[in-house]
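Numbering (my numbering), first residue to last: 2 to 68.
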């Protein structure tokens, strides 16, 4: 039985979230396709917000990137 791939936009969101959580620039976005780029940037913004709210280190362990 084949494994089903995760949604491309979900992966882009998660990757952007992790970049944002580490305080890195949004210029690191690797996507040029508008939909995937938008998902990545949304994840990046959510990650930056969580970083600013203090969800770093052990405080951020329970924080889900998709919430």
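C-beta: ideal position from N, C-alpha, C; glycine also.
Buried or exposed: which applies to residue 51, given that a residue is buried once 16 or more other Cβ atoms fall within 10 Å of its Cβ?
Mapped onto the chain shown, residue 51 falls at position 50. The residue is buried, with at least 16 neighbouring Cβ atoms inside 10 Å.
Nearest-angstrom Cα distance between residue 35 and residue 20?
Mapped onto the chain shown, residue 35 falls at position 34. Mapped onto the chain shown, residue 20 falls at position 19. For residue 35 and residue 20, the distance between alpha carbons rounds to 19 Å.
DSSP on residue 33, reduced to helix/strand/coil?
If you number the chain shown from 1, residue 33 lands on position 32. DSSP places residue 33 in the coil class of the three-state scheme, outside both helix and strand.
Report the CB separation of residue 17 from residue 45 in whole angstroms; it is logged as a contact under 8 Å.
Position 16 of the chain shown, counted from the first residue, corresponds to residue 17. Position 44 of the chain shown, counted from the first residue, corresponds to residue 45. In this structure residue 17 is in contact with residue 45, their Cβ atoms being roughly 4 Å apart against a cut-off of 8 Å.
Among 64, 6, 22, 7, which residue has its Cα nearest to the Cα of residue 42?
Start at 1 with the first residue of the chain shown, and residue 42 comes out as number 41. If we check each option's Cα against that of residue 42, 22 comes out closest.
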